[in-house]
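What follows is a short report on a single structure.
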Amino acid sequence: MSGAVATHEAEPGPADLGDRLTAAGLRATPARIRILAATVAARMPAAAEQIFRRLQAERTPIGIATVYRVLNELSSAGLLQRGWIPGHTGARAVYSPRMEPSAADAATHRLVCGRCGHSIPFADTGLPERVRRAAGLSEQTGRLTIVAECLGCRPACPSRIGKRPDQMTRDGRGSPEHPCSGQSLPGAPRR
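Structure (structure tokens):
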């Protein structure tokens, strides 16, 4: 075979999730099962607020405080991986399932878009060691999360930064005063 084939595993059911909770030393309560299931179904790292909104859309009667508490419990028990991405008011925690830890899983790092949260896993077993040496840090194992803007979120020019689509010119570029819009700046000499 010349390339890798992507396969989609079936999402674990409540009984499977209950077994995983029990194996991790936690009681399989309905709240824990629902929150773990919502995190697995998210398919990318999700913040507590995103998980809460998903549960509300499913008409699950769980409060936001319960979501935060259970996410911390699941992370401490090793069922979830907690990462951090920049938010509007500082860093925010995002959670992704760590359902079947393996040597390959430990070598999987993530590229995460700081705007939309899109996440792409990648493997480079030597990367943590190179980063550790370059920074002069002590030996540490674990995954790395690199936060940047994905191509879909990255502005075409500096004048688009922080602007909503309705604030753009018709061609999708920034303000008319910016050179990227194709128009001259006021007072600029004509060429």
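Counting in UniProt numbering, the sequence shown runs from 1 upward without gaps. A virtual CB, placed ideally from N, CA and C, is assigned to each residue, including glycine. In this text the structure is predicted, and so the values were computed from the model without any measurement.
**Asked** Do you know how far the Cα of T39 is from the Cα of R54?
**Response** 9 Å
**Prompt:** Cα-Cα, which of T66, I120, A23, A24 is closest to R34?
**Reply:** T66
**Request:** Tell whether a beta-carbon distance below 9 Å holds between V112 and V94.
**Result:** yes
**Item:** Whole-Å CB distance - L21 paired with A31, under 8 Å assumed
**Value:** Incorrect: roughly 11 Å between the Cβ atoms, too far for contact.
**Prompt:** Based on Cα-Cα distance, which residue from L36, H88, G83 lies nearest to P45?
**Reply:** G83
**Prompt:** What did DSSP end up calling A93 once you bin it into helix, strand or coil?
**Reply:** strand
**Item:** C-alpha distance - D19 paired with E73, whole-angstrom precision
**Value:** 16 Å
**Prompt:** Applying the criterion that 16 or more other CB atoms from any shown protein chain within 10 Å of the CB defines a buried residue, is residue 192 buried or exposed?
**Reply:** No statement about residue 192 is possible, as the shown extent of the chain runs from 1 to 191 and does not include it.
**Asked** Where does the unbroken alpha helix (DSSP H) through R53 begin, and where does it stop?
**Response** 48–57
**Extent of the continuous beta strand (DSSP E) to which A148 belongs** = 145–148
**Item:** Buried/exposed call for H88, threshold 16 Cβ in 10 Å
**Value:** exposed
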